[in-house]
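**Student:** Going by this note's numbering, the sequence shown opens with residue 21, and the numbers climb by one from there. Would you mind keeping the following structure in view while I ask a few things?
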Amino acid sequence: MNSNLNQISPKIKEIKKKVVPILKEADVIRSSLFGSVVRGEATKDSDIDMLVELPKEKSLLDLVRLEHKLEEVLGKKVDLVTYNSIHPLLKGYIYRDELRIF
């Protein structure tokens, strides 16, 4: 996991500021960014890749609602993935870029 908080870009700080209240409201246990935003390779057309852990009682519908709220506040497509749903072959790729935000 990429945990060097001193190197967080202004863009990531802005994302964090916007999404943390929504994550709290949705009872998210933890959340991270990964992908092009973390690597500093995002373009204006890039989506925002996020990992979340939700309480067990939350449903797929809750996850979809959360994704829509995040897209509204960020004004971008959000690819929301749960920690439990990551395909084993993708874990290394995702965790290499992971930056915990909540």
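Backbone N, C-alpha and C fix where the C-beta goes; we use that ideal spot for every residue, glycine too.
Taking the straight line between their C-alpha atoms, what separation do you get for Ser105 and Glu73?
**Tutor:** On the sequence shown, residue 105 is found 85 positions in, with the first residue counted as 1. On the sequence shown, residue 73 is found 53 positions in, with the first residue counted as 1. Roughly 10 angstroms separates the two Cα atoms.
**Student:** If I measure Cβ to Cβ from Lys89 and keep anything under 6 angstroms in the same chain, skipping five residues before and after, which residues do I get?
**Tutor:** As a working mapping, residue 89 is identified with position 69 in the sequence shown. So the list reads Ile42, once near-sequence residues are dropped.
**Student:** Closest to Asp99 by C-alpha separation, out of Ser52, Ser56, Ile68, Val57, would be which residue?
**Tutor:** Against the sequence shown, residue 99 aligns to sequence position 79. Ranking the options by Cα distance to Asp99, first place goes to Ile68.
**Student:** Ser52 and Ile121 look like a contact to me (Cβ under 8 angstroms); what is the Cβ gap, rounded to whole Å?
**Tutor:** Numbered from 1 along the sequence shown, position 32 holds the residue referred to as residue 52. Numbered from 1 along the sequence shown, position 101 holds the residue referred to as residue 121. With 8 angstroms as the limit, Ser52 and Ile121 qualify as a contact, their Cβ atoms being about 6 angstroms apart.
**Student:** Hey, would you say Asp117 sits closer than 7 angstroms to Arg50, going by beta carbons?
**Tutor:** Along the sequence shown, one-based indexing puts residue 117 at 97. Along the sequence shown, one-based indexing puts residue 50 at 30. No, the Cβ-Cβ distance between Asp117 and Arg50 is not below 7 angstroms.
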